[in-house]
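Per this note's numbering, the very first residue in the sequence shown carries number -7; after that it's consecutive.
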Amino acid sequence: MSTKLKDWTVLSMLEWGTEYFKERGIPDPRLSIEWLLAETLQVKRLDLYLKFDRPLSQTELDNIRPLVKRRAKHEPLQYILGYTEFMNAHITVSPEVLIPRIETEQLVEILLDDHPSDEGSEEKKVIDIGTGSGCIPIALKMERPDWQVDALDISKEAIRIARENAENNEVDVNFISGNILQWKELPLEGSYDIIISNPPYVLPEEKEELEEQVVRHEPSLALFCDNLEKMYGSVIRFSEKYLQDQGMLYLEVHEKYGEQIQQLFDDTRWETSLLKDYDKKPRFIIAKLA
Ligand code: GLN
């Protein structure tokens, strides 16, 4: 923002910010400035347009300036705002956790559609493997309060944030610290009706295919995996041990490797299908244990 004399208004800031971000190759330039301005003025994003000729005070300009600078350095909007939305949940995010994606919302919706709330009275027991911000178990618990929901992550920092998120959304989730690659050593009891996982699935050599804002700011631990067979193989073997008969496993996968990962299932024990996301990319493996 230049210091030259100019009477800034909501509208001129929206226009200036859009151009400024566009010139720097920032994804979603208009949305970015809308969110940052809405945050600064503490109004809803769409309400900005109801007051587009409202002048901005010096304090408001001072407040938005550092936010604009951060976004111009490709920092994801959600880390700048400190939160995002996932289904009905308000989820705090920081660089220790992956920003929840809309594809993952779709996976949760598929799971919920498969298990409507009026489906018999027995409560289900579910575990999310590699929970990160806790978005999946929190959304599940908000939609199906009777279920017992566990969530596992290797990152202690992620578990801390996920716990805070569960508390803020007023749901009870049992968080467990542990490494799925060493699933035989996990301190778990009983069995599950449903297992869900969005593990890290980007191969390190495919880093270039990710957006700069993802690579520079999101946690490598949540994104990259150098051995997909081992990662998904562990989730599948874990599920064979801990799932009830007829139990269901819901997996998010890289669009390129769905079929390869499907091959890791023993088809005498599992029935699997590979479903597409809203972008028509093969993204979800839904598997039923025979
Ligand atoms: N879908 C994410 C991305 O492409 C990656 C998430 C993951 O590795 N599980 O940025």
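In this text, a Cβ means the ideal position worked out from N, Cα and C, and glycines have one as well.
At the C-beta level, L99 and V118 stay beyond 9 Å of one another. For W8, the secondary structure class from DSSP, reduced to helix, strand or coil, is helix. DSSP, reduced to helix, strand and coil, places G74 outside both helices and strands of the structure shown, so it counts as coil. It is roughly 36 Å from the alpha-carbon of E201 to the alpha-carbon of V163.
In the DSSP assignment, K14 forms no beta bridge with any residue.
Two segments are said to touch when three or more pairs of C-beta atoms, one from each, lie closer than 8 Å; by this definition the stretch 203 to 217 touches the stretch 86 to 106.
With contacts defined as CB atoms closer than 9 Å, G239 and S226 fail to qualify as a contacting pair. Around the beta carbon of G17, fewer than 16 other beta carbons lie within 10 angstroms, which makes this residue exposed. R208 has its CB no nearer than 8 Å to any heavy atom of ligand 1.
Ranked by Cα distance from E197, the first of E26, D258, S265 and L220 is L220.
DSSP lists A143 as the bridge partner or partners of F167. Here N80 is exposed. Its C-beta has fewer than 16 other C-beta atoms within 10 Å. Linking D271 to E247 through their CA atoms gives a straight-line distance of about 10 Å. Every beta strand (DSSP E) stretch that sits fully inside the stretch 86 to 129 and reaches 3 residues is listed by chain position as 117 to 121.
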